[in-house]
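Peer 1: Could you have a look at this structure, given as structure tokens, before my questions?
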């Protein structure tokens, strides 16, 4: 199967700190690849580095067969990557509708269709269409951020810890929505919530201290108690 | 480990200072001596600015207010009392005390905020001082200012020269010592990374405020000398132009080097003198600020380290004086002199 | 009462001119965190070029058009040559734009001569009329109208158009805007040019208002614009209008009642704001 995204021996710094030492993974088209690991292992930094928000100091990142290292963030985004950051990146002073409008590159039929589809998935967004982003609840912000990444026809979505800080019922809701989206898009998911990750993911990579140390099919990991304990602290 | 080099540079500076002592015997013209005096005074002023900009990373747009405070304190004291050394000393003390108090207040108010707030508030206050000097006619003589007589001791141009030179040299070595002290190290740490310094447990604001007080007091002393050298004071000592001048001197010479501002002061004063002199040749030289401005812009873009900084980093193989020492400890015990 | 109204009108007219000047400055700060001390340079270039064209062609409208054009052009040059090399470095920005300010100011003297120039309003805006006992000076009303018009148009753009939304979004979180595939530098350039155009417009309008122009106005107005932006809250567009009117009114009333303090009133206002509300009167939402 063709790899949509491929990282090879990527190293990156955040300011002066060497955070990523050796990140290598492959994201096959049509799958959900989950990045697991402890807090501070470098998962968020990995996503940011893919988006061009951190500079790659060594290694290569290719998307759809082309290198995206050194390209600007907006260029990378335009080549077909949607990004849902850890803090959701909602524009607090803009309404829900305006947040989505900033994201929509085109206003053609297809985009409108996608918008309608995602609004059906997240009826809350429709309900609070004119509410300012800053006044939404955590779960609503998460939905808005996912919707914003989804409205454009992207080939790949990078979603950073969508379950973070959400009530269990919201986690279920978000899980369900991502499950629906994975029918249409390839997804890279960073997740601490193992339950959620194991429900959605097809394949996993474990990042530890800036290095991809372990990988395999999601189903295997559930059985692999040793790795779970060693890298994730789950027993 | 760099002890030897520091020794060398100290000897070089002392030798140059020694040579400068003899300038008045070679250059006997009063106007030329006056240029040198101005250079020494502005070098002091620029060094004080370097403490802020170069060593602590604070931008001030109103540094001229301390200069003006110094000039007016001296002038008013000398103008109202007998022209004696005693009055001069009293005037200078008043100058330094007022400058210390004002800088303490301004610093305490704004240095906890983001950098441009200090810049703006100092700018605003310098403006207020300018207005005060214009309006408080009974004391300041308004826009036109006033002349006053000097104590016998300073009447001689040569004496004024030596006194300014001595002041500059002493202040240079004093400030150099200050910047290399543990306190100065913390200032540089703040310049490099304020948050990190804060998280190491330093009260960043306290250090910044004290740095601004030192800078204010030294600038005030430059103002004292300035009034002495002119025997006259007017509102020009509070003008924003002077802040800009001193900014240019510091930048062109090299921020964070102390010697740079002295070089910058020399260059700018000479360029000023020389280019205005060329005004008779072609009118464009009347607009020498253009040249000056362009050079300055280019320096900021291409040689942000300034003349001295660039020389130090390129030819002397000395890294820019960034903080590279002890990140881990409290920075007080481990500092080595001249590292 | 008549006095009060005429002082208010004075204040509003001055305030609108200051608003035109400060609006661009606050947006470029909000968007790219750029501190531009050369803003007053664009202002005087607008003033001198506009006045020159106005006096050559005898058409005030052409003068205004010329001012705006030179503003846009200089804005482009400034952004490309001066601002771009020092993105992300406040200290360098402050230092370099200040230097460029001086260059712009001196170039005025080269191009138009170093002396002050007198400027008279066009015939159709000269003079005044009476409403009851109140003398209304036409040109002041004109300035107020222009100011309101610009504010309304700019607000509509910022509220309704996608580019306006992008600008506002960029002020809040520029990283995210880029992650959504928007070239923020291009957006910033457009905003910068627009701001420069508005500053130049303010320049020509102010030239006719005050009746005299001189090169040193550049630095004075750079500083004034900054004061207003700080008072209004750096990055806040409505804040810049509010602060500009506040400063305008304060100037008008102080000039009448406490002339000794009129020069200091801006500084006083800013000092008070910095002490009690350092984030400015309007704060930008993150």
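Residue numbers (my numbering), protein chains in the order written: chain R, 285 to 519; chain G, 168 to 506; chain D, 32 to 317.
The beta-carbon is built from N, C-alpha and C at its ideal position, and this holds for glycine as well.
For residue 491(R), which residues of its own chain have a beta-carbon under 8 Å away from its beta-carbon, when the five flanking residues on both sides are left out?
Peer 2: Answer for residue 491(R): 307, 319, 320, 321, 325, 326, 327, 330 and 497, listed in chain order.
Peer 1: In terms of residues, what are the limits of the beta strand (DSSP E) holding residue 440(R)?
Peer 2: First-last of the beta strand (DSSP E) with residue 440(R): 440-444.
Peer 1: Buried or exposed for residue 495(G), going by 16 or more other Cβ atoms inside 10 Å?
Peer 2: Because the pLDDT at residue 495(G) is just 29, under 50, the model does not fix this residue reliably, and the value given afterwards should be weighed accordingly. Residue 495(G) should be labelled exposed.
Peer 1: Spell out whether any CB of chain G is found under 8 Å from the CB atom of residue 298(D).
Peer 2: Closer than 8 Å: yes.
Peer 1: Please report how far the alpha carbon of residue 472(G) lies from the alpha carbon of residue 276(G), in whole angstroms.
Peer 2: In a straight line, the C-alpha of residue 472(G) is about 30 Å away from that of residue 276(G).
Peer 1: What are the residues that DSSP puts in a beta bridge with residue 472(R)?
Peer 2: Note: residue 472(R) sits in a beta bridge opposite 317(R) and 442(R).
Peer 1: Spell out whether any CB of chain G is found under 8 Å from the CB atom of residue 123(D).
Peer 2: Yes, its Cβ sits closer than 8 Å to a Cβ of chain G.
Peer 1: Cβ atoms of residue 273(D) and residue 300(D): under 8 Å apart, would you say?
Peer 2: No; because the gap between Cβ atoms is not below 8 Å, this pair is not in contact.
Peer 1: Taking the CB atoms as reference points, tell me whether residue 237(G) and residue 389(G) lie closer together than 8 Å.
Peer 2: Going by C-beta atoms, residue 237(G) is nearer than 8 Å to residue 389(G).
Peer 1: DSSP beta-bridge partners for residue 148(D)?
Peer 2: Bridge partners of residue 148(D): 244(D).
Peer 1: Classify residue 112(D) as buried or exposed, calling it buried when 16 or more other Cβ atoms lie within 10 Å of its own Cβ.
Peer 2: Result: exposed.
Peer 1: Who are residue 397(R)'s beta bridge partners in DSSP?
Peer 2: Residue 397(R) pairs with nothing; no bridge assigned.
Peer 1: Terminal residues of the continuous beta strand (DSSP E) containing residue 436(G)?
Peer 2: Note, residue 436(G): premise wrong, no beta strand (DSSP E); alpha helix (DSSP H) at 426-444.
Peer 1: Can you confirm whether residue 286(G), when its beta carbon is compared against all beta carbons of chain D, has any partner nearer than 8 Å?
Peer 2: Yes - at least one Cβ of chain D is within 8 Å of the one on residue 286(G).
Peer 1: Taking a Cβ distance cut-off of 7 Å, strictly less, list which residues of the region 352-366 of chain R are near chain D, in chain order.
Peer 2: Result list: 357, 358, 361 and 362.
Peer 1: Output yes or no for whether 8 Å exceeds the beta carbon distance between residue 82(D) and residue 276(D).
Peer 2: Against a cut-off of 8 Å, the Cβ pair of residue 276(D) and residue 82(D) comes out as no contact.
Peer 1: Is it buried or exposed, residue 290(D), if we count other Cβ atoms within 10 angstroms and call 16 or more buried?
Peer 2: The residue is exposed, with fewer than 16 neighbouring Cβ atoms inside 10 Å.
Peer 1: Mind checking the region 203-226 of chain D against chain R and listing, in chain order, the residues whose C-beta falls within less than 8 Å of any C-beta there?
Peer 2: Listed by position along the chain: 203, 204, 206, 207, 208, 209, 210, 211, 212, 213, 214 and 215.
Peer 1: From the beta carbon of residue 196(D), is the nearest beta carbon of chain R less than 8 Å away?
Peer 2: Cβ-Cβ to chain R under 8 Å: yes for residue 196(D).
Peer 1: Does residue 513(R) pass the burial test, meaning 16 or more other C-beta atoms within 10 Å, or should it be called exposed?
Peer 2: Its Cβ having fewer than 16 others within 10 Å, residue 513(R) is exposed.
Peer 1: Locate the alpha helix (DSSP H) running through residue 487(R), then write down its first and last residues.
Peer 2: Here residue 487(R) belongs to no alpha helix (DSSP H); instead the beta strand (DSSP E) covers 487-492.
Peer 1: Does the beta carbon of residue 257(D) sit closer than 8 Å to a beta carbon anywhere in chain G?
Peer 2: Closer than 8 Å: yes.
Peer 1: What did DSSP end up calling residue 508(R) once you bin it into helix, strand or coil?
Peer 2: Residue 508(R): coil per DSSP, three-state reduction.
Peer 1: So who's on the other strand from residue 366(R), going by DSSP bridges?
Peer 2: DSSP, once it has assigned bridges, lists 441(R) as partnering residue 366(R).
Peer 1: Please confirm if residue 301(D) has its CB atom under 8 Å from at least one CB of chain R.
Peer 2: Not closer than 8 Å to any Cβ of chain R, the Cβ of residue 301(D) fails to qualify, so no.
Peer 1: Does the beta-carbon of residue 310(G) have 16 or more other beta-carbons within 10 angstroms, so that it is buried, or is it exposed?
Peer 2: Exposed, because fewer than 16 other Cβ atoms sit within 10 Å of the Cβ of residue 310(G).
Peer 1: Residue 190(G) by DSSP, collapsed to three states: which one?
Peer 2: Here residue 190(G) sits in helix by DSSP.
Peer 1: What alpha helix (DSSP H) runs, 4 residues minimum, are completely inside the region 345-381 of chain G?
Peer 2: List check, alpha helix (DSSP H) in window: 349-359 and 361-366.
Peer 1: Determine the burial state of residue 407(R): buried for a count of at least 16 other Cβ atoms within 10 Å of its Cβ, exposed for fewer.
Peer 2: By the 10 Å Cβ count, residue 407(R) comes out exposed.
Peer 1: Answer with yes or no whether the minimum CB distance from residue 454(G) to chain D is below 8 Å.
Peer 2: Chain D, which has a Cβ nearer than 8 Å to the Cβ of residue 454(G), makes this yes.
Peer 1: Determine whether the beta carbon atoms of residue 422(G) and residue 220(G) lie at a separation below 8 Å.
Peer 2: Yes, the pair counts as a contact, with Cβ atoms nearer than the cut-off.
Peer 1: Hey, how far is the Cα of residue 221(D) from the Cα of residue 466(R)?
Peer 2: Using only the alpha carbons, I get a separation of about 38 Å.
Peer 1: Looking at C-alpha atoms only, which residue of 313(G), 269(G) and 195(G) is the closest neighbour of residue 293(G)?
Peer 2: Here the closest residue by C-alpha is 269(G).
Peer 1: Check the DSSP bridge columns for residue 113(D) and list the partner residues they point to.
Peer 2: Residue 113(D) pairs with nothing; no bridge assigned.
Peer 1: So, does the CB of residue 289(G) fall closer than 8 Å to a CB anywhere in chain D?
Peer 2: Cβ-Cβ to chain D under 8 Å: no for residue 289(G).
Peer 1: For the beta strand (DSSP E) containing residue 323(G), name the first residue and the last one.
Peer 2: No beta strand (DSSP E) contains residue 323(G), which DSSP labels as neither H nor E.
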